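K.L.:
Please see the structure below; I have some questions.
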Amino acid sequence: MRYTGDVDPSDAYAGLQADADAVLVDVRTRAEWSYVGLPDLSQIGKHVIPLEWQSFPDGALNESFVDQLREAGVREGAPIYFLCRSGVRSAAAATAATAAGLGPAYNVADGFEGHLDREGHRTVAGWKAAGLPWRQG
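Throughout the sequence shown, residue numbering follows the numbering used here, covering 1 to 137 in sequence.
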């Protein structure tokens, strides 16, 4: 079962602002949250739900992911925006949430950092490049 769709970071932020029930789930690893940063939703009175899809450093899939979503307060019918580094892990997480009856679930296209530029840096797309609020972990 496929998730609802991909949205760009600015549309995800607008959706989070517009719907009091909407949540942002950051599925990156603890290392990424600590060293790269996290979206900051404090300006709209919300917080990010950090929940690893895969663990670091072994990359093992979090078998309890859906249960942990529910434990974090994600309710059926609430829009869920999933974010990772570049949009791959978050698409898998959105698919899993949809299969479990949660959502509508959206994948934030280009993720937090986006794809690599010509010099091998992540500066051309994603949450940070869109100028959306974030903080260092």
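Just so it is clear, CB atoms sit at the ideal spot from N, CA and C, and this is done for glycine as well.
Being a predicted model, the structure only gives us computed values, none of them experimental.
Need the endpoints of the alpha helix (DSSP H) that Tyr35 sits in, please.
P.N.:
As a first step, residue 35 must be located in the sequence shown, where it is residue number 35. Here the alpha helix (DSSP H) through Tyr35 covers 30-35.
K.L.:
Leu69 and Gly111: beta carbons closer than 7 Å?
P.N.:
The residue given as residue 69 occupies position 69 in the sequence shown. The residue given as residue 111 occupies position 111 in the sequence shown. Going by C-beta atoms, Leu69 is not nearer than 7 Å to Gly111.
K.L.:
Give the list of continuous beta strand (DSSP E) stretches no shorter than 3 residues that lie fully inside the stretch 36-110.
P.N.:
80-83, 105-108
K.L.:
What residue does the beta strand (DSSP E) around Asp21 start on, and which one ends it?
P.N.:
Translated into the one-based positions of the sequence shown, residue 21 becomes position 21. Per DSSP, Asp21 belongs to no beta strand (DSSP E) and is neither H nor E.
K.L.:
Taking just the CA atoms, how far does Ala125 sit from Asp117?
P.N.:
As a position in the sequence shown, residue 117 is number 117, starting the count at 1. As a position in the sequence shown, residue 125 is number 125, starting the count at 1. Rounded to the nearest angstrom, the two C-alpha atoms are 9 Å apart.
K.L.:
Report the CB separation of Ile49 from Leu16 in whole angstroms; it is logged as a contact under 8 Å.
P.N.:
As a working mapping, residue 49 is identified with position 49 in the sequence shown. As a working mapping, residue 16 is identified with position 16 in the sequence shown. Contact doesn't hold; Cβ gap of about 12 Å is too wide.
K.L.:
Pull up the DSSP beta-bridge partners for Gly5, would you.
P.N.:
In the sequence shown, counting from the first residue as 1, residue 5 sits at position 5. The partner list for Gly5 (beta bridge, DSSP) reads Tyr106.
K.L.:
Between Val108 and Ala12, what straight-line distance do the alpha-carbon atoms span, to the nearest angstrom?
P.N.:
Here the question's residue 108 lines up with position 108 in the sequence shown. Here the question's residue 12 lines up with position 12 in the sequence shown. Looking at the two C-alpha atoms, the distance is approximately 7 Å.
K.L.:
What does DSSP give as the partner residue(s) for Trp127 in the beta ladder?
P.N.:
Along the sequence shown, read from residue 1 onward, the residue named residue 127 stands at position 127. Note: Trp127 sits in no beta bridge, so no partner.
K.L.:
Cα separation between Asp26 and Leu38?
P.N.:
Here residue 26 corresponds to residue number 26 of the sequence shown, with the count starting at 1. Here residue 38 corresponds to residue number 38 of the sequence shown, with the count starting at 1. Whole-angstrom Cα-Cα distance: 8 Å.
K.L.:
In the DSSP output, what is Arg135 paired with across the bridge?
P.N.:
Here residue 135 refers to the residue found at position 135 when the sequence shown is read from its first residue. Paired residue(s): Leu38.
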